[in-house]
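The numbering of the sequence shown is the working numbering, which starts it at 14 and goes up by one.
Glycine included, each C-beta is placed from N, C-alpha and C at the ideal position.
Just so you know, these numbers come straight off a predicted model, no measurement behind them.
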Amino acid sequence: MTGGRSYLVTALFVAALALSGQAALAASNAAAEPNAEDVAPSRFGEQPADEAFGAFQRGLYLTARNLALPRAEKGDAAAQTLLAEIYARGLGVPRDDAEAAKWYHEAAEQGVPEAQLQYALILLDRKDASADDKQRARDLMKAAADAGNANAQFNFAQMLIDERPGSRSMSEAYPYFLQAAEKGIADAQYAVSQILANGTAGVAIDLAEARKWLIKAARQNFDTAQYDLGNWYLEGIGGERDLKKAFVWTIRAARAGNVAAQGQAAKLYWGGLGTEPDEAEAAAWVVVTRRAGLRDRALDDFWEGLTENQQHAAIERANKLR
């Protein structure tokens, strides 16, 4: 899919059942751009433009464009989608958002799920998007989601929540999140874990199942999931308590730049939870968290109790972390 356009999940549950209300058009784990050689033919519809697609996979983008264009002009939906992809990503030709939108629109009208997803995101990304644009985007996103497109399923679930925040909309969104999660979308896996952890009007709380989905998202390097999973292992939520795993996942999230995890890492080193006590390492993570703007009273007290030499050493160590 074209880079930079997808709803962003930050923290699905800020408090109780309140999901992040404002959908942001930005890159997310769900919007990871595949390499050309990894693109499946099904991305371009049921009958891909074979010669053009073959050239595309070999990196012969201009050749792919030249082969796809006449077929696209004759109404070949697969060729239209391939052409849109080439223009959207600027592969072998200058990037041309207008041409990409034109061909995604043509293919979307013929029911290609990937094109429906992309054109819906284009409509939503317009600064002057009208009510009709937004409704059309919603219809296309739902069509792509119902056709089984994983990214569309995730995005449509987000749209449902954004339209009407609350327990009822989360119950409606849950099946779409679940389908996307089962297809490997890390953001959706995290969403499923949070819905199961908190429950909704239509989804019962199941902490054990929630933990399973949290693990799946964490294994895909979703740092918020890694931080949460560390806390779950620390507290024994959804399963047995495991301090070593709590430490491992917290450090992974901390090294990925998750500020909350960085503060937690300092506390784990300080208290020797899941690892040997290490004041020097704890102090270094305190420096990292302070640089990120996070202040914690307990960590402040710990820092103030260090000698000047220890603080200086911590600053030096912090420069080498991550």
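Look at the Cβ atom of residue i, then the Cβ atom of residue j, and state whether they are nearer than 8 Å.
i              : j              : result
threonine 213  : methionine 183 : yes
glutamine 202  : alanine 230    : yes
leucine 319    : glycine 276    : no
leucine 136    : aspartate 146  : yes
arginine 224   : glycine 251    : yes
tyrosine 282   : alanine 295    : yes
leucine 242    : leucine 220    : no
tyrosine 187   : isoleucine 208 : yes
tyrosine 74    : alanine 97     : no
isoleucine 328 : valine 300     : yes
glycine 105    : arginine 84    : no
What does a CB cutoff of less than 7 Å around residue i pick up in its chain, not counting 5 residues either side in sequence?
i             : result
threonine 76  : Ala68
glutamate 185 : Leu173
arginine 181  : Ala214
glutamate 292 : Trp283
alanine 158   : Ala165, Gln166, Phe169 and Tyr189
alanine 121   : Ala128, Gln129, Tyr132 and Leu153
Given residue i, which residues of its chain have a CB within under 6 Å of its CB, disregarding the five upstream and five downstream residues?
i              : result
alanine 267    : Ala274, Gln275 and Ala278
tryptophan 298 : Gln275, Ala278 and Ala279
alanine 29     : Note that alanine 29 scores 27 on pLDDT, short of 50, meaning its location in the model is unreliable and no value can be drawn from it.
glutamate 50   : Note that glutamate 50 scores a pLDDT of 48, beneath 50, so its modelled location is shaky; the value from the coordinates is reported in the next line. Within the same chain, glutamate 50 has close Cβ partners Gln70.
arginine 330   : Ala297
aspartate 309  : Gly276
aspartate 255  : Tyr246
Pull up the CB-CB distance for residue i and residue j, whole angstroms please, since I reckon it's below 8 Å.
i             : j                 : result
leucine 286   : phenylalanine 315 : Leucine 286 to phenylalanine 315, Cβ: 14 Å. No contact.
glutamine 148 : glutamate 119     : Contact doesn't hold; Cβ gap of about 20 Å is too wide.
valine 272    : alanine 305       : 4 Å
Sorted by chain position, which residues of the same chain lie with C-beta nearer than 8 Å to residue i's C-beta, five sequence neighbours on each side aside?
i                 : result
phenylalanine 235 : Asn42, Ala199, Asp200, Gln202 and Tyr203
glycine 284       : Pro290
Self-check item: Three-pair Cβ contact test at 8 Å for the stretch 157-170 versus the stretch 191-201
Solution: The stretch 157-170 vs the stretch 191-201: in contact.
Practice problem: Evaluate contact between the stretch 101-108 and the stretch 139-155, counting only Cβ atoms and requiring at least three cross-stretch pairs below 8 Å. | Solution: Note that the stretch 101-108 does not touch the stretch 139-155; fewer than 3 beta-carbon pairs, one per stretch, sit closer than 8 Å.
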